[in-house]
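Participant: Protein chains in written order, with our numbering: chain A, 208 to 671; chain B, 105 to 164.
Before we start, here is the structure in question, set down as structure tokens.
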Amino acid sequence: MTEAHWLTAVEASRAFAAKTLSPVELMTALLKRIEVLDPKLNAFIRLDADAAMDAARTAETEIRAGRIRGPLHGVPVGIKDIIDVAGLPTTCHSKILLDNVAASDSVVVRKLRQAGAIVIGKLSTHEFAIGGPSFDLPFPPARNPWNPDHHPGGSSSGSGSGVCAGLFPVALGTDTGGSVRNPASACGIVGLKPTYGLVSRRGVFPLSFTLDHVGPLTRTVADNAIMLDAIAGHDPEDPGSVPTQSRHFGRLLDRGVRGLRIGFIRHFHEVDMPAHPEVTAHLEDVARVLQAEGAEIHTVTLPSLNEFSGINRVILCSEAWSIHAPWLRSRPGDYGQLARRRLLPGAFMMAGDYVGAQRRRLELIAAVEDALRDYDVLLCASSMDPASRLDDAETTARTYPRQARTPFNVTGHPALAMMAGLASNGLPVSAQIVGRYFDDATVLRVAAAYERAAGWVKRRPPIG
Amino acid sequence: MDQQLFVALARAAGLDKALAEYPDDVRAAAEQSLNNAGSVKVPTDPAAEPWPPMRAGVGL
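Now the structure itself:
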């Protein structure tokens, strides 16, 4: 039988219904595991054990009484510490906001609680979701369960590390330039950046308004779908939120990929940013597996990765400066050096630079839309390299920007990163699947087909 | 970037304190900003509008 800490949300929910496990038993097992492993991983900024156990008792009573709210009822969830949870500090992993206690839940946390999920605590991030991994902040950086000497990706570092290590089955992260998909890639789990506007950002500390997304990190594709079911939906008070009928994101998970047309963006990792050879080899394996499952694979060409990245940086720096300018002027020393260096460039952007980037952005969106008229989904790299060592700042600085995630923050298309193998050094490598607007269900469908066929989901990090 | 120019731009942005305490970080940021802005191919069509478009009455 699977140990409780490795149960997925779907499996835990079934065990609760079958009365072979209770929410209190699961929470007890996870809290014991956190006590042992978190000192090595630093996934948590703040563990909310007492409140989580109280909520587990309530869930247990409700489930025993037959009042089951759905597949997340009684399931612990970790929350990145830029997302508000009522009564807990939202520190953004920064000295700037150490005492910033949230007055109310963010919309996503409220929705998760309505679905019966239990908030277990607040999770490590890069400072303000941009400055990390850093050792000059009030909390240490999270570490990778596959090898704690290595970076777990970021900025949703604690979300990736904790889900991967079995500290909690599911978590929320945020993604402005790839920050859900990067930890999913580095930790060998599943991370989805949903379509822009599908999930409310209200109650989430902003980094860049037109690039920010909230998304789930999970060990399986099915868990990712039930998380998205819980958090998606129109929020009239989020200006970017879109009224949509998109629902039931797991409805296609068993359909396979036979007959789907998949566009493989090879130039991202072969020409624009040549990937580590093992990453390239595993990406070709992903294409072969999907083809063997019945999909058609064709090479497609988009604008260069460098252009997407440049536009992302101009927009991100400009929008982030408008948020951080007051603190950068008055409290520059309260930021860690990486956040300070990554936020200050916005002070030197011209209005014309920002508008120019937004004008070119529309052309890049059109290019991706053109490709998605011919293909059901796109396949491409996520990270170009396995995760770097945390103590090797030079390699981290060199490899961190070598990724193909930012294009889909620029365009807003749904994009999912998942494990595509293990490199010879024992660290995960990953692939990315991108879909049409509000067709997140097809992205999850393709990911589920690959997950079943490839079997990487059965691999566990060697952390006990 | 020219020293006098970057100092003037930093002061214009209200970054006197950062300039005094972290001059290397401010200079690095100014140089990065120049590189980033130069990487964008701005559309040549004068009528190419920015994203997101202005939509009256939407999002309020």
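Don't be surprised by glycine CBs; every beta carbon is placed ideally from N, CA and C.
Owing to the predicted nature of the structure, the values given are computational and were not obtained by experimental measurement.
Name the chain A residues that come within less than 8 Å of V111 of chain B, Cβ to Cβ?
Facilitator: Annotation: V111 of chain B has no Cβ neighbours in chain A at a cutoff of 8 Å; minimum Cβ distance is about 12 Å.
Participant: Determine which residues share a DSSP beta bridge with K329 of chain A and list them.
Facilitator: A:R253, A:I286
Participant: Since E514 of chain A meets chain B, which of its residues come closer than 9 Å, beta carbon to beta carbon?
Facilitator: The CB of E514 of chain A comes closer than 9 Å to the CB of S143, V144, K145 in chain B, given here in chain order.
Participant: Quick one: what's got a C-beta closer than 7 Å to E444 of chain A's C-beta in the same chain, skipping five residues either side?
Facilitator: R409
Participant: Let me see if you follow: with CB-CB separation under 8 Å, is R520 of chain A close to chain B or not?
Facilitator: yes
Participant: Who are the neighbours of T649 of chain A on chain B, taking C-beta pairs under 7 Å?
Facilitator: The contacting residues do not exist; T649 of chain A stays about 24 Å from chain B at best.
Participant: Is L138 of chain B closer than 8 Å to L535 of chain A when the C-beta atoms are compared?
Facilitator: no
Participant: For F342 of chain A, is the classification buried or exposed, using 16 other Cβ atoms within 10 angstroms of its Cβ as the cut-off for buried?
Facilitator: exposed
Participant: Just to make sure I have the definition right: I need the residues of chain A whose C-beta is within less than 7 Å of the C-beta of Q136 of chain B. Which are they?
Facilitator: P552
Participant: So what's D382 of chain A in DSSP terms, helix, strand or just coil?
Facilitator: strand
Participant: Any idea which residues DSSP pairs H505 of chain A with across the strands?
Facilitator: A:G470
Participant: Taking a contact to mean a Cβ-Cβ separation below 8 Å, would you say F153 of chain A touches A216 of chain A in this structure?
Facilitator: Outside the shown range of chain A, which is 208 to 671, sits residue 153 of chain A, and nothing can be said about it.
Participant: Does A160 of chain B come within less than 8 Å of chain A when only Cβ atoms are used?
Facilitator: no
Participant: Exposed or buried, what is S311 of chain A when buried is set at 16 or more other beta-carbons lying within 10 Å of its beta-carbon?
Facilitator: exposed
Participant: Got a sec, what are the start and stop residues for the beta strand (DSSP E) M208 of chain A sits in?
Facilitator: Per DSSP, M208 of chain A belongs to no beta strand (DSSP E) and is neither H nor E.
Participant: Determine, for A106 of chain B, whether the minimum Cβ-Cβ distance to residues of chain A falls below 8 Å.
Facilitator: In the sequence as presented, Ala is not what sits at residue 106 of chain B; that position holds Asp. No, D106 of chain B lies away from the interface with chain A (no Cβ there is under 8 Å from its Cβ).
Participant: Please tell me whether P401 of chain A has its Cβ less than 8 Å away from any Cβ of chain B.
Facilitator: no
Participant: Taking any Cβ of chain B, which residues in the region 561 to 577 of chain A have a Cβ under 8 Å from it, in chain order?
Facilitator: V562, G563, A564, Q565, R566, R567, R568, L569, E570, I572
Participant: Run through DSSP, which three-state label would V397 of chain A get?
Facilitator: strand
Participant: Pick out the complete beta strand (DSSP E) segments inside the region 436 to 496 of chain A, 3 residues or longer, and give them in chain order.
Facilitator: 468 to 471
Participant: Please report the distance separating the alpha-carbon of F645 of chain A from that of P401 of chain A.
Facilitator: Cα to Cα, the separation comes out at about 8 Å.
Participant: Got a sec: which bits of the region 584 to 606 of chain A sit with their beta carbon under 7 Å from any beta carbon on chain B, in order along the chain?
Facilitator: Within the region 584 to 606 of chain A, no residue qualifies.
Participant: Please determine, among A:G447, A:P446, A:S529, A:S453, the residue with the shortest C-alpha to C-alpha distance to I437 of chain A.
Facilitator: Looking at the sequence shown, residue 437 of chain A is not Ile but Ala. Nearest option by C-alpha distance: A:S453.
Participant: K145 of chain B to S448 of chain A, Cα distance in whole Å?
Facilitator: 29 Å
Participant: Check each candidate in A:V521, A:G384, A:F475 and name the one with the smallest Cα separation from G142 of chain B.
Facilitator: A:V521
Participant: Between K287 of chain A and P345 of chain A, is the Cβ-Cβ spacing less than 8 Å?
Facilitator: If you check the CB distance, K287 of chain A and P345 of chain A do not come in under 8 Å.
Participant: Under a CB-based cut-off of 8 Å, is P150 of chain B close to chain A?
Facilitator: no
Participant: Along chain A, in chain order, which residues have C-beta atoms closer than 9 Å to that of P127 of chain B?
Facilitator: Ordered by position in chain A, no residue passes the 9 Å Cβ test against P127 of chain B, which lies about 11 Å from the chain.
Participant: Determine which residues of the region 533 to 547 of chain A have a Cβ less than 8 Å from any Cβ of chain B, and write them out in chain order.
Facilitator: L535, R536, S537, P539, G540, Q544, R547
Participant: Are any of the Cβ atoms in chain B nearer than 8 Å to that of F615 of chain A?
Facilitator: no
Participant: Can you tell me whether D598 of chain A is buried or exposed? The criterion is at least 16 other CB atoms within 10 Å of its CB, across all chains shown.
Facilitator: exposed
Participant: What does the alpha-carbon distance come out to for the pair E500 of chain A and V428 of chain A?
Facilitator: One C-alpha to the other measures close to 17 Å.
Participant: Measuring straight from C-alpha to C-alpha, what distance separates I275 of chain A and S392 of chain A?
Facilitator: 33 Å
Participant: Within this structure, are the beta carbons of A674 of chain A and V411 of chain A separated by less than 8 Å?
Facilitator: Only positions 208 to 671 of chain A appear in the structure, and residue 674 of chain A is not among them; the question remains open.
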